[in-house]
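Chemist:
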Ligand SMILES: *Cc1c(COP(=O)(O)O)cnc(C)c1O
């Protein structure tokens with residue numbers, strides 16, 4: 008285990024870093040250099056802004072959930088509407104940023120992994136728009152669970168590769184994507200969350216920070232005050248770090264990250280890394296990881312494929328240890344309840360991932376005053392989830 012406490016580039020406290028095979032060192036270093044270059048190049052960010060405006064549909068709205076607020080009888084609840092971004096989730100913010108970076112680096116072939124398919128769909132869209140080839144690795148189990156997203160990716164010209172190793176889910180897809188990258192170092196690996204070796208956690212946060220920047224300004228412009236609490240679901244942690252980054256310097260704003268509590272607290276039955284995880288290295292970075300006593304990566308479970316992952320982004324590990332953000336979990340059943348309540352009371356069908364943040368707000372709002380504000384990052388829309396929810400509710404559609 009790493010015990011040094013000196014802050015180095017790519018470290019968040021002791022967390023983060025770059026734990027990669029020697030064969031990837033030169034490739035990752037090239038990426039790091041390219042990212043540092045575009046960070047100092049205003050024309051890159053202008054182009055990204057322009058495309059967010061004309062392609063992604065940014066800025067996404069801020070919605071006052073008045074029915075929900077009134078019925079819960081406590082804090083006023085606001086929603087940052089990433090569900091209205093093109094392709095239906097916040098994933099496009101990162102896919103577009105990295106797609107433009109890849110293009111600047113002269114790359115023509117993009118590799119990506121996907122779990123539920125949302126990152127794969129966002130990457131496929133960006134690649135067709137920028138004229139890049141796209142290969143997406145997806146676990147065979149996930150391909151079966153998320154057929155509509157597989158078809159979407161193929162419609163947009165992506166080559167979707169089925170991964171048949173391990174549990175045939177997200178972590179196996181990441182392994183396969185990394186393997187492809189090792190044998191095709193000229194390709195660009197477009198990682199989908201604030202995870203993996205440096206510079207990904209920093210770069211993905213930077214591309215997702217547009218959520219927090221917009222939301223903070225929208226709160227000031229339309230409500231005239233900052234929220235008391237910001238809530239986001241945490242899978243790898245990209246939508247959460249994106250909105251948190253807008254408020255992390257506002258000491259009076261509480262930050263709450265919601266992990267997947269799954270079916271129970273038993274190892275293997277959930278994906279709450281801060282409730283049972285231990286510090287370790289997984290897929291390139293040091294963070295909290297669900298593992299057994301021998302350090303073997305544990306199985307995970309969540310009703311939402313996007314939160315079903317054994318590790319959490321390293322910056323969240325730092326925010327957790329420093330107690331700047333508070334992490335808790337919501338069970339499958341509570342998320343299902345949140346999914347139905349937002350649909351019924353606001354006419355907004357949330358992604359099952361986002362429904363975890365809704366469920367936390369449902370228990371928190373009644374404990375607060377009516378002049379206090381909860382801001383929820385509604386990370387995505389729930390159209391992809393209607394079949395699995397209908398199944399859970401024993402409804403035939
Ligand atoms: C992928 C996804 C998530 C989880 O990923 P993070 O990197 O933790 O944001 C959450 N919500 C939606 C809608 C997603 O598609």
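Residue numbers (my numbering): 8 to 404. We put the beta carbon where it would ideally sit given N, CA and C, even for glycine. Nothing here was measured: the structure is a model prediction, and the numbers come from that model.
Any heavy atom of ligand 1 closer than 7 Å to the Cβ of residue 230?
Modeler: For the purposes of this step, residue 230 is taken as residue 223 along the chain shown, with counting starting at 1. False, no ligand heavy atom lies under 7 Å from that Cβ.
Chemist: Is the beta carbon of residue 266 closer than 8 Å to that of residue 334?
Modeler: Translated into the one-based positions of the chain shown, residue 334 becomes position 327. Translated into the one-based positions of the chain shown, residue 266 becomes position 259. Yes, these two residues count as a Cβ contact at 8 Å.
Chemist: Rounded to a whole number of angstroms, what is the C-alpha to C-alpha distance between residue 358 and residue 324?
Modeler: Here residue 358 is taken as the residue at index 351 of the chain shown, counted from 1. Here residue 324 is taken as the residue at index 317 of the chain shown, counted from 1. Residue 358 and residue 324: Cα-Cα distance of roughly 24 Å.
Chemist: If I'm right that residue 341 touches residue 366 with Cβ under 8 Å, what's the distance once you round it to whole angstroms?
Modeler: On the chain shown, residue 341 is found 334 positions in, with the first residue counted as 1. On the chain shown, residue 366 is found 359 positions in, with the first residue counted as 1. Confirmed, about 4 Å.
Chemist: Please determine whether the Cβ atom of residue 98 lies at a distance below 7 Å from any heavy atom of ligand 1.
Modeler: Here the question's residue 98 lines up with position 91 in the chain shown. Correct: residue 98 has its Cβ closer than 7 Å to ligand 1.
Chemist: Would you identify the three-state DSSP class for residue 82, choosing helix, strand or coil?
Modeler: One-based indexing of the chain shown puts residue 82 at position 75. Looking at residue 82 - three-state DSSP - the assignment turns out to be coil, as it is neither helix nor strand.
Chemist: Start and end of the alpha helix (DSSP H) containing residue 325?
Modeler: The residue labelled residue 325 in the question sits at position 318 within the chain shown. Residues 321–328.
Chemist: Counting only runs that start and end within the segment 167–199, where is the alpha helix (DSSP H) found for 4 or more residues in a row?
Modeler: The segment 167–199 contains these whole alpha helix (DSSP H) runs: 177–190.
Chemist: For the beta strand (DSSP E) that residue 429 lies in, which residues bound it at each end?
Modeler: Within the shown structure, residues of the chain are numbered from 8 to 404, placing residue 429 beyond reach of any answer.
Chemist: Tell me the DSSP secondary structure of residue 210 in three-state form.
Modeler: Numbered from 1 along the chain shown, position 203 holds the residue referred to as residue 210. Helix.
Chemist: Counting along the chain, where does the alpha helix (DSSP H) carrying residue 160 start and finish?
Modeler: As a working mapping, residue 160 is identified with position 153 in the chain shown. Note, residue 160: alpha helix (DSSP H), 154–162.
Chemist: Beta-carbon separation of residue 240 and residue 327 under 8 Å?
Modeler: The residue you call residue 240 lines up with position 233 of the chain shown. The residue you call residue 327 lines up with position 320 of the chain shown. No.
Chemist: What are the start and end residues of each continuous beta strand (DSSP E) run of 3 or more residues lying completely inside the segment 212–255, in chain order?
Modeler: Correct list: 236–240.
Chemist: Using alpha carbons as the reference points, say which of 251, 27 and 194 lies closest to residue 105.
Modeler: Counting from one through the chain shown, the residue named residue 105 turns up at place 98. For residue 105, the nearest C-alpha among the options comes from 194.
Chemist: Keeping to the same chain, check which residues put their C-beta closer than 8 Å to that of residue 41; ignore five residues upstream and five downstream.
Modeler: As a working note, residue 41 is residue 34 in the chain shown. So the qualifying residues of the chain are 108, 111 and 112.
Chemist: Whose C-beta lies closer than 8 Å to the C-beta of residue 10 among residues of the same chain, with five residues either side of it excluded?
Modeler: The residue you call residue 10 lines up with position 3 of the chain shown. Unreliable positioning characterises residue 10 in this predicted model, as indicated by a pLDDT of 41, which lies under 50. A coordinate reading is not provided.
Chemist: Check whether the segment 57–66 touches the segment 88–100, counting contact only when three or more Cβ pairs, one atom from each stretch, lie closer than 8 Å.
Modeler: Touching, yes.
Chemist: Any heavy atom of ligand 1 closer than 7 Å to the beta-carbon of residue 361?
Modeler: Translated into the one-based positions of the chain shown, residue 361 becomes position 354. Yes - ligand 1 has a heavy atom lying nearer than 7 Å to the Cβ of residue 361.
Chemist: Round the Cβ separation of residue 86 and residue 72 to the nearest angstrom and send it over; I've been treating them as touching at under 8 Å.
Modeler: Locating residue 86 in the chain shown gives position 79, counting from the first residue. Locating residue 72 in the chain shown gives position 65, counting from the first residue. About 6 Å separates the two Cβ atoms, so the contact holds.
Chemist: Mark residue 171 as exposed unless 16 or more other C-beta atoms lie within 10 angstroms of its C-beta, in which case mark it buried.
Modeler: Here residue 171 is taken as the residue at index 164 of the chain shown, counted from 1. When all chains shown are included, residue 171 counts as exposed.
Chemist: Measure from the alpha carbon of residue 82 to the alpha carbon of each residue in 33, 387 and 368, then state which is nearest.
Modeler: Looking up residue 82 in the chain shown gives position 75. When each option's Cα is compared against that of residue 82, the closest is 368.
Chemist: Below 7 Å, is the gap between the Cβ of residue 271 and the nearest heavy atom of ligand 1?
Modeler: Locating residue 271 in the chain shown gives position 264, counting from the first residue. Checking every heavy atom of ligand 1 against the Cβ of residue 271, none is found closer than 7 Å.
Chemist: Please work out which residues of its chain come closer than 7 Å, Cβ to Cβ, to residue 284, disregarding the five sequence neighbours upstream and downstream, and give them in chain order.
Modeler: Start at 1 with the first residue of the chain shown, and residue 284 comes out as number 277. Answer for residue 284: 295, 296 and 297, listed in chain order.
Chemist: Once you ignore the five residues that flank residue 247 on each side, which residues in its own chain have a CB closer than 6 Å to its CB?
Modeler: Counted from its first residue, the chain shown places residue 247 at position 240. The residues are 239, 241 and 264.
Chemist: Do residue 361 and residue 320 have their beta-carbon atoms positioned less than 8 Å apart in this structure?
Modeler: Here residue 320 refers to the residue found at position 313 of the chain shown. Here residue 361 refers to the residue found at position 354 of the chain shown. Against a cut-off of 8 Å, the Cβ pair of residue 361 and residue 320 comes out as no contact.
Chemist: Can residue 171 be considered in contact with ligand 1, in the sense that its beta carbon sits closer than 7 Å to one or more heavy atoms?
Modeler: Walking along the chain shown from the start, residue 171 turns up at place 164. Every heavy atom of ligand 1 is 7 Å or more from the Cβ of residue 171, so no.
Chemist: With C-beta atoms as the reference, is residue 311 less than 8 Å away from residue 243?
Modeler: Translated into positions along the chain shown, residue 311 becomes position 304. Translated into positions along the chain shown, residue 243 becomes position 236. Against a cut-off of 8 Å, the Cβ pair of residue 243 and residue 311 comes out as no contact.
Chemist: For the beta strand (DSSP E) that residue 266 lies in, which residues bound it at each end?
Modeler: Here residue 266 is taken as the residue at index 259 of the chain shown, counted from 1. Residues 261–269.
Chemist: So, with DSSP's three-state summary, where would you put residue 387?
Modeler: Counting from 1 along the chain shown, the entry for residue 387 is found at position 380. Looking at residue 387 - three-state DSSP - the assignment turns out to be strand.
Chemist: Just to check, is the beta-carbon of residue 288 closer than 7 Å to a non-hydrogen atom of ligand 1?
Modeler: By one-based count along the chain shown, residue 288 stands at place 281. Because no heavy atom of ligand 1 lies under 7 Å away, the Cβ of residue 288 does not count as near it: no.
Chemist: Between which two residues does the beta strand (DSSP E) containing residue 274 stretch?
Modeler: One-based indexing of the chain shown puts residue 274 at position 267. Taken as a continuous stretch (DSSP letters only), residue 274 belongs to no beta strand (DSSP E), as it is neither H nor E.
Chemist: Below 8 Å on the Cβ atoms is my contact criterion, and I expect residue 261 with residue 288 to pass it. Report the Cβ-Cβ distance as a whole number of Å.
Modeler: Here residue 261 refers to the residue found at position 254 when the chain shown is read from its first residue. Here residue 288 refers to the residue found at position 281 when the chain shown is read from its first residue. Wrong, their Cβ atoms sit about 30 Å apart, outside the cutoff.
Chemist: How would you write the range of the beta strand (DSSP E) that residue 145 sits in, first residue to last?
Modeler: Sequence index remark: in the chain shown, residue 145 carries index 138 (1-based). Counting along the chain, the beta strand (DSSP E) containing residue 145 begins and ends at 140–146.
Chemist: Using 7 Å as the cut-off, classify the Cβ of residue 45 as near or not near the heavy atoms of ligand 1, replying yes or no.
Modeler: On the chain shown, residue 45 is found 38 positions in, with the first residue counted as 1. Result no, Cβ not under 7 Å from ligand 1.
Chemist: Hey, how far is the Cα of residue 54 from the Cα of residue 212?
Modeler: The residue given as residue 54 occupies position 47 in the chain shown. The residue given as residue 212 occupies position 205 in the chain shown. Taking the straight line joining both Cα atoms gives about 18 Å.
Chemist: Distance cutoff 8 Å, beta carbons only. Does residue 294 sit that close to anything in chain B?
Modeler: Protein chain content of the structure displayed is limited to a single chain, and chain B is not contained in it.
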